[in-house]
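>
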Amino acid sequence: MITGILFPCDEDQPIKRVEFDAENHTTIQEMVGGTFEAFNFDTPPASILANDEAMLYSLPFNMRATVLLWQHAKGLRGKAYISGDAILTGAPDGRGRTKSVPQQLIELLLETETYGVEFLHHPDGPWTRKATTFDNWFDAYNFAIIQEETYAAVRGVRVIPA
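Pasting the structure below:
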C-alpha cells in the first residue's frame, strides 16, 4: 500500500489522502475514471496519474492538479492539462514501482495553514521571500507561477509553509 493525494476535478470536493495498492492498476483506473498516464515532476520526485483519454471523453478540467503540475514540472507549463480526477503519488523507483507521495507534499498540501512564496533571482541563491502570505496552497501556487512567468529576473520560485 502507498499513500497518494486524490485531486477531484470538482473544486467543491477537497483534496484528500488515499491509501491504495499501486500495483493494482484497476484501483487506479477506478480513481481516475479509466486508463491512466503519469505526468512526472522535476522536483520533488512525484507524479500525477490522470485519465489518458480525458479529452476523448470530455472530462472536466482539473485546475488544482494542473496548477500543481505546472509548478513542479515547468517544461509542461501551458502544454499539459489535467482533466478528470487525478492522483498525486511519488515517482516510480528503479524497478518502475510507484512510491508514496513525498512527505513534504503531504505536509504542504494537507497540513499547512498558511503559505509563503520564495524567489530565486541568481542560480546560486539565496532564496528570498515575499511578505505576502496565503491561506490556501492553490492561491500561493497561482501567485508563484504568475510571478515566474511575468518577471525575467525570477529564476525559480517555490511555495513553502509560512
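Under UniProt numbering, the first residue of the sequence shown carries the number 1, and numbering increases by one thereafter.
The beta-carbon is built from N, C-alpha and C at its ideal position, and this holds for glycine as well.
Only a predicted model underlies this, so the values are computations on that prediction, with no experimental measurement involved.
For the segment 115-128 against the segment 81-97, do three or more pairs of beta-carbon atoms, one drawn from each stretch, fall closer than 8 Å, so that the two count as touching?
Judged by Cβ distances under 8 Å, the segment 115-128 makes no contact with the segment 81-97, as fewer than three pairs qualify.
> Going by the beta-carbon positions, is the gap between M31 and I87 smaller than 8 Å?
Yes.
> Return the CA-CA distance between T3 and L108, expressed in angstroms with no decimal places.
Rounded to the nearest angstrom, the two C-alpha atoms are 15 Å apart.
> Let me check one thing: in DSSP terms, what residues is G96 bridge-paired to?
In DSSP, G96 forms no bridge with anything.
> Going by DSSP, what residue range makes up the beta strand (DSSP E) through L69?
Unbroken run through L69 is the alpha helix (DSSP H), M63 to H72; no beta strand (DSSP E).
> When you compare only the Cα positions, how much space is there between M63 and Q13?
Computed Cα separation, rounded: 13 Å.
> Just tell me which of E19, P8, L68 and E113 has its CA closest to the CA of D42.
The shortest Cα separation from D42 among E19, P8, L68 and E113 belongs to L68.
> Could you work out which residue in T112, G34 and P44 is closest to S58 when comparing CA atoms only?
Per the Cα distances, G34.
> Got a sec? Which residues, its chain only, sit under 6 Å from R77 by beta carbon, not counting five neighbours each side?
Excluding residues within five positions, the ones whose Cβ falls inside 6 Å are W70.
> Per DSSP, what kind of secondary structure is T128 in: helix, strand or coil?
Strand at T128.
> Please state the DSSP three-state secondary structure of Y57.
It is coil, neither helix nor strand.
> Can you name the start and end residues of the alpha helix (DSSP H) that A50 belongs to?
Per DSSP, A50 belongs to no alpha helix (DSSP H); it is in the beta strand (DSSP E), A46 to N51.
> What do you get for E19, buried or exposed, if any count of 16 or more other CB atoms within 10 angstroms of its CB means buried?
So E19 counts as exposed.
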